[in-house]
Every structure is written in C-alpha cells, then in structure tokens.
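In this note's numbering, the protein residues as written are 4 to 227. All residues carry an ideal CB built from backbone N, CA and C; glycine is no exception. What follows is a set of notes on a single structure, which appears directly below.
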Amino acid sequence: MSKLYLVPTPIGNLRDITYRAVEILGSVDLILAEDTRQASKLLNHYRITTPVRSHHKFNEHQSVDAICSRILSGTDVALISDAGTPGISDPGFLLVRACVTRNIEVETLPGPSAFLPALVNSGLPCDKFCFEGFLPPKKGRTKRLAFLASEERTMIFYESPYKLLRTLDDLSSAFGPDRKACVSRELTKIYEENIRGTLDEVSRHYKAHAPKGEIVIIVAGKEN
Ligand code: SAM
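Now the structure itself:
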C-alpha cells in the first residue's frame, strides 16, 4: 500500500542525513518540497532524481486533497522541508492530519531537527522540556510570555537573528534577568556557537556581537 513519508533533512551540514532517508527519497514516486531550489541542493548532492513538486504554507491548504488522492491511487510520496523535520515549525501537520483522516499510512523517519541538539547542548535540564517554536510576533506575545513565566520545564524557542535581542529582552522581563539560558547559533555549520549564561549575560553578549544566522534559544524553567 502506498504511503506518505516525512523525511527529515540536514539543518546545515549536508552529511547529517540517514542512509534510510536517502534511500526513501530515491525510491518514492514524488517528493514534495517546501522550496524546490533548496531541495535540489540536497537531492543533487545525493544524486537523487525523483520528481519534485512544491508544497509550502501558501499552497498546502489547497493541495492536501489532491496529494491524498494521488497516494490512494498508488503513488508513494515523501515530504521534506527546507531543513530539519517537516511539521516542526514547517509545513507538514495539515497533510499528516489529512492522511490520518483518510486512513493513509504515514511514516516519519527520525532525523535532524534544530531543537534537540540545542536542548541537549545547553547544559540545562533535558528530562522535561516544552517546545514553543516562534513566539507570536505581536498579538498574543505578552500573554504567552506571562503564561510561560510559571513553566517549570526547560523551554525551547526558535528565533531569527533580527529579532533575537528584542526576544531576549522580552524573556528577561517575563522571567527575570537571572534566568539561565543558552543561545545556539548555526548548529552543525562552520560557525556554530553556543552562548550560555543568564538571560542578561546572553543579551549583553549579543548587544556587543550582532547575531547572524539561525538561532535556537533555550531557557531554564522556573525553579520550584
Ligand atoms: N523544521 C525545522 C526543525 O526541525 O528544526 C525548523 C524550521 S523553522 C522554519 C527554522 C528555524 O529553525 C530557524 O529560524 C531557527 O530558529 C531554527 N534552526 C534551523 N536550523 C538551525 C541551525 N542550523 N542552527 C540553529 N537554529 C536552526
């Protein structure tokens, strides 16, 4: 029976992909990619010639029904995003939900995602954690931060370099400047950097060194 595969792809270092991920990308009938040009860098590197079609947040609402019909009629489909695991702050959820509703088999391969190495590398407790992804940029931001002020688990946030300083200041106001944190930047890439300290210390570091690249912020939970 045909199925949908969710295939994690590298978050920077092209070698961070499993043998099985490469095999599946080479053997399915169709790859759905968030950005076909980005996908072609990976697919060319591994000499994968499977046809690729675009599937991103602007067309996924319209295309899930057609994709499900194709899988039901015998097409094996793999979904990839620009980096990491599809569905994690990336398109994927809508398609998985549509497949589950129609009893289409879904198989998600284990593989890269930015939040796990950042969490484990932070030195903050990783026995219990919560993934917050990107904070709301405007509406709901203050409310979410107020809600998280009593969170006891280690928290994980995704952020862009342009908004890092503002977010560190907001986290500091909500949780206090002495809360422990770690900012992981450019994981798996040449300029990988992990800055650990209090929110105040980490913020002062990035005020002195303008951040560039991709960023995960890990913040300790409230001590009980
Ligand atoms: N699906 C991806 C995953 O599984 O991690 C996340 C996609 S989300 C659109 C992109 C965000 O992930 C970036 O803004 C950054 O916060 C984080 N990210 C992705 N690659 C990263 C890297 N190499 N180093 C640090 N953060 C990264």
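- Message: Are there any heavy atoms of the ligand SAM lying less than 8 Å away from the beta-carbon of Phe-150, as far as the coordinates show?
- Response: no
- Do you know offhand how far Cys-185's Cα is from Ile-220's? 6 Å
- Message: Can you tell me whether Pro-54 is buried or exposed? The criterion is at least 16 other CB atoms within 10 Å of its CB, across all chains shown.
- Response: exposed
- Message: Is the beta carbon of Leu-190 closer than 9 Å to that of Pro-113?
- Response: no
- Query: How far does the alpha helix (DSSP H) with Tyr-209 in it reach, from first residue to last?
  - Reply: Under the DSSP assignment, Tyr-209 falls in the alpha helix (DSSP H) whose first and last residues are 202-211.
- Query: What is the rounded straight-line gap between the Cα of Ser-187 and the Cα of Leu-168?
  - Reply: 14 Å
- Query: According to DSSP, is Gly-126 helix, strand or coil?
  - Reply: coil
- Task: List in chain order: all unbroken beta strand (DSSP E) runs of 3+ residues lying wholly within the region 35-60.
- Result: 55-57
- Message: With the cut-off set at 9 Å, would you say Phe-118 and Phe-134 are in Cβ contact?
- Response: yes
- Please indicate yes or no: does the CB of Ile-27 lie closer than 8 Å to some heavy atom of the ligand SAM? no
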